[in-house]
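Engineer: Let me give you the structure first, and then I'll get to my questions.
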Amino acid sequence: MARRWPIQRVPRALWSAQEPTFGDASPALIEAAAKRAGARASGNWFVFAASTDIRADRPFGTRVDGRELVAWRDRAGTLLVGPGECPHLGAPLAHGRVVCDTLVCRWHGLPVGADGRFGWEPLPSHDDGVLAWVRLDGPEDPLPEPVLPARPALAGSVAVVTRVDGVCEPGDIIANRLDPWHGSWFHPYSFTRLTVRAVPEPPDDRFVVDVTFRVAPGIGVPVRAEFACPEPRTVVMTITEGEGEGSVVETHATPLGPGADGRPRTAVIEATIATSDRPGFALARKAAPAIRPLMRRAAARLWRDDLAYAERRYALRS
Ligand code: FES
Ligand SMILES: [Fe+2]
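Residue numbering for the sequence shown follows the working numbering, beginning at 30 and increasing consecutively.
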C-alpha cells in the first residue's frame with residue numbers, strides 16, 4: 030500500500046453482497062485472545078473519568094467495582110480520590126464543596142483531604158493527562174502506576190473522552206473489540222473493505238486490520254490499524270499506516286458494581302487521541318473545541334451497537 034493514503038471513492042455496494050466473515054471469526058480464537066488479555070497485570074488500577082472531569086471547584090462522584098468514590102483537585106492541580114462516603118454519618122461527599130483544596134461535607138462540615146484526617150484516607154491515583162485512574166487494591170499485586178499504552182504526544186493531538194455504561198462485565202467489552210470481523214457487517218455506516226491481516230499469536234498478541242473509514246457518502250479513508258490489550262481492561266487501536274498514523278483509540282472497561290437488579294454494570298471509557306502529520310491538522314487542533322462534539326457524535330452510533338453486542342454476550346452467558 031502507498032505511504033500516502035488519499036481519500037478514496039468507495040463505490041456503493043449492497044450490504045449483503047460483502048464477503049461473509051463468520052468463517053474467519055473463530056469463537057475459540059476470540060475467546061483465547063480475551064482470556065490472555067484477562068490474565069495480564071493491571072496492578073489494580075481502574076480508569077474512572079476523563080482528566081477534564083475532575084476539577085478544583087467541585088467534587089466528582091462515581092462508583093468503581095462497587096465502591097463509591099469522590100475525586101477533585103487541589104489548587105496545584107493534583108488529583109485526589111477517595112471513598113465517597115463521609116466517615117461521620119455517611120453523607121455523599123460528591124455533594125460536598127471544595128474549599129481551599131479540602132472537600133467539606135454538606136451535612137456537618139467535616140473536611141477531608143490529602144492529610145487523611147478524621148478517618149478519610151485518599152486512595153492511590155494517577156492522572157495520565159487524558160484519563161484519571163484510581164487504584165483499588167484487591168486480588169492482584171499492586172503496581173505503582175497503571176499500565177499505559179503508547180500514545181502520540183498530547184501537545185500535537187486532539188483528545189476526546191466519552192463514556193457509556195452497559196449491563197455486562199468488562200470482559201464482554203474486551204471480547205467485542207477483539208472481534209474485528211464484525212466491523213463492516215455490524216457497522217457498515219462506518220467501515221468498509223475490512224480485511225484482517227494478522228490474528229494475535231503470542232508473543233505478537235495483536236490484530237492487524239486494513240479498513241476503510243467512511244467519512245461521507247461514497248468517500249472513505251483507508252488505514253491499517255492494530256488492536257492489542259496492554260492490560261486486562263484496556264483495548265488499544267493504533268493507526269499504524271495511513272491518515273492519522275499514530276492516532277490511538279483506547280477503550281477502557283471499568284466495572285462499576287451491580288445495578289439495582291443485581292446485574293453487573295460496566296463503564297466503557299474511551300479516549301480517542303488523534304494526530305496527523307498533515308499541515309491542516311494544526312488548524313484542526315485550533316478548532317478542537319468545535320471538532321470534539323463531531324468526533325463524539327461520529328462515535329456514538331458505534332458505541333451503541335458495540336455495547337449491544339457486549340450486553341448480548343453477557344445476557345447469553347448469565
Ligand atoms: S455526615 Fe459528613 S459531616 Fe456529618
Ligand atoms: Fe464494533
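Yeah, the Cβ is synthetic: ideal placement off N, Cα and C, and Gly gets one too.
1. Considering residue 60, what are the terminal residues of the alpha helix (DSSP H) in which it resides?
2. What residues sit near ligand 1, counting only those whose C-beta is closer than 5 Å to one of its heavy atoms, in chain order?
3. Note down the Cα distance separating residue 196 from residue 77, rounded to an integer number of angstroms.
4. Pairs of beta-carbons, one from the segment 42-51 and one from the segment 229-239, closer than 8 Å: are there three or more?
5. Could you name the residues of the same chain whose beta carbon sits closer than 6 Å to that of residue 285, not counting the 5 residues immediately before and after it, in chain order?
6. Would you say residue 335 touches ligand 2, meaning its beta carbon is less than 6 Å from a heavy atom?
7. Would you call the segment 166-182 and the segment 123-133 touching, i.e. three or more CB-CB distances under 8 Å?
8. Output the residue ranges of the beta strand (DSSP E) runs that lie fully inside the segment 238-280 and measure 3 residues or longer, sorted by chain position.
9. Based on Cα-Cα distance, which residue from 62, 98, 246 lies nearest to residue 13?
10. Quick check: the Cα distance between residue 180 and residue 277, rounded to an integer number of angstroms?
11. If you compare alpha carbons, which of 158, 130, 182 is closest to residue 305?
12. What residues in its chain sit with their C-beta under 7 Å from that of residue 343, if we drop five residues either side in the sequence?
13. Using the C-alpha atoms, what's the distance from residue 105 back to residue 155?
14. Can you tell which of 134, 74, 108, 128 has the C-alpha that lies nearest to the C-alpha of residue 118?
15. How is residue 132 classed by DSSP in three states: helix, strand or coil?
16. If you check the beta carbons only, do residue 244 and residue 268 fall under 7 Å apart?
17. Note down, in chain order, each residue of its chain lying with its Cβ closer than 6 Å to the Cβ of residue 292, except the 5 sequence neighbours on either side.
Structural biologist: If we stick to the structure as given:
1. 56-67
2. 115, 117, 118, 120, 134, 136, 137, 139
3. 17 Å
4. no
5. 92, 294, 296
6. yes
7. no
8. 248-260, 263-271
9. The structure shown has nothing for residue 13, since the chain only spans 30 to 347.
10. 7 Å
11. 182
12. 196, 197, 198, 201
13. 15 Å
14. 134
15. strand
16. no
17. 196
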